[in-house]
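Residue numbers (the numbering used here): -13 to 135. Ideal Cβ positions, reconstructed from N, Cα and C, are used throughout, including at glycine. What follows is a short report on a single structure.
Below, the structure written as structure tokens:
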């Protein structure tokens, strides 16, 4: 389905998506001000909530240097948000495991972000919200395909 889209339309779409992303991040940072956690720590916890990771895996996911990720995990561990655990199959492997305090912070922040988005969507009709959801899902799926080509 390769129809011609003007470069002007693409430029406007890219700018809108960038601004929307920035506004969501800005709102997220405001929420994080009420928690003893930095933005990079929050991003790391978001990855860890999906499952335990090694420092190497975590540094690949968050795009930070290994040493930076190690420092970040040290601070998270000091604040009792994560713990280091030995892999049961290979004792040489250490995984980072999110603790309930870390999980609670993620859940609370995400809930507040969702409330914010809910307020933004108050002026949308049910149909508009559904269409937006479908279009964003399609965009996300297409971006994943392009990333893997």
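Can you tell me whether residue i is buried or exposed? The criterion is at least 16 other CB atoms within 10 Å of its CB, across all chains shown.
{"i": "residue 79", "result": "exposed"}
{"i": "residue 122", "result": "exposed"}
{"i": "residue 62", "result": "buried"}
{"i": "residue 132", "result": "exposed"}
{"i": "residue 82", "result": "buried"}
{"i": "residue 103", "result": "exposed"}
{"i": "residue 118", "result": "exposed"}
{"i": "residue 39", "result": "buried"}
{"i": "residue 95", "result": "buried"}
{"i": "residue 71", "result": "exposed"}
{"i": "residue 58", "result": "buried"}
{"i": "residue 125", "result": "exposed"}
Using the DSSP secondary-structure output, state which residues sit across from residue i in a beta bridge.
{"i": "residue 69", "result": "83"}
Quick check on the DSSP output: the alpha helix (DSSP H) that includes residue i runs from which residue to which?
{"i": "residue 110", "result": "Neither: residue 110 is in no alpha helix (DSSP H) and is coded neither H nor E."}
{"i": "residue 40", "result": "Here residue 40 belongs to no alpha helix (DSSP H), and DSSP marks it neither H nor E."}
{"i": "residue -1", "result": "-7 to 18"}
{"i": "residue 60", "result": "52 to 64"}
Got a sec? Which residues, its chain only, sit under 8 Å from residue i by beta carbon, not counting five neighbours each side?
{"i": "residue 67", "result": "23, 27, 31, 84, 85, 87, 88, 91"}
{"i": "residue 73", "result": "79, 80, 81"}
{"i": "residue 34", "result": "44, 68, 82, 83, 84, 88"}
{"i": "residue 99", "result": "10, 13, 14, 17"}
{"i": "residue 115", "result": "107"}
Using a Cβ-Cβ cut-off of 6 Å (strictly less than) and excluding sequence neighbours within five positions of residue i, which residues of its own chain qualify?
{"i": "residue 55", "result": "41, 44, 45"}
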